[in-house]
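Chemist: Under numbering that gives the first Met the number 0, think of the first position of the sequence shown as 0, with each following residue one higher.
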Amino acid sequence: MTQDSKGPVQAEIETRLSAALSPTHLAVSNDSAQHRGHAGDDGSGESHFSVVVESAAFEGKTRVERQRMVNRALGDLMDERVHAMQIKARAPGE
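(1) Start and end of the alpha helix (DSSP H) containing A18?
(2) P7 to N29, Cα distance in whole Å?
(3) From A27 to V50, what does the alpha carbon distance come to, in whole angstroms?
(4) Spell out whether any CB of chain B is found under 8 Å from the CB atom of R67.
(5) Here's the rule I'm using: 16 or more other beta-carbon atoms within 10 Å means buried, otherwise exposed. How should R62 be labelled?
(6) For the alpha helix (DSSP H) containing A72, list its first residue and its last residue.
(7) Take Q9 as the anchor and find which of A90, M84, G92, R89 has the nearest alpha-carbon.
(8) When we look at the beta-carbon of A55 and count the other beta-carbons within 10 Å, is it buried (16 or more) or exposed?
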């Protein structure tokens with residue numbers, strides 16, 4: 000899967016984070032190819048992701064609270080479709 004083509008899981012991540020957090024910046028990268036054959040690789044090509052999200056919703060929140068907000072927004076995707084996700088969550092201006 001190339002950077003330009005998005006699979007359904009990546010598209011759903013972007014949709015859910017946009018709806019829940021109204022980000023000023025959102026970048027979702029599919030890192031699954033780097034983990035092919037490793038634990039958690041389900042063969043779908045969409046099991047490992049990196050997310051960079053900037054949102055005013057994160058102002059005054061700790062790093063852990065921000066990651067929990069992202070995980071809550073993703074809901075069942077984290078349990079059923081995504082094995083691993085690296086999260087960088089920041090407030091505007093950070």
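Cβ atoms here follow ideal geometry from the backbone N, Cα and C, with glycine treated the same way.
Modeler: Looking at the atomic coordinates:
(1) 7-20
(2) 11 Å
(3) The amino acid occupying residue 27 in the given sequence is Val; Ala does not appear at that position. Roughly 5 Å between the two C-alpha positions.
(4) Absence of chain B from the displayed structure is noted, only one protein chain being present.
(5) exposed
(6) 62-73
(7) M84
(8) exposed
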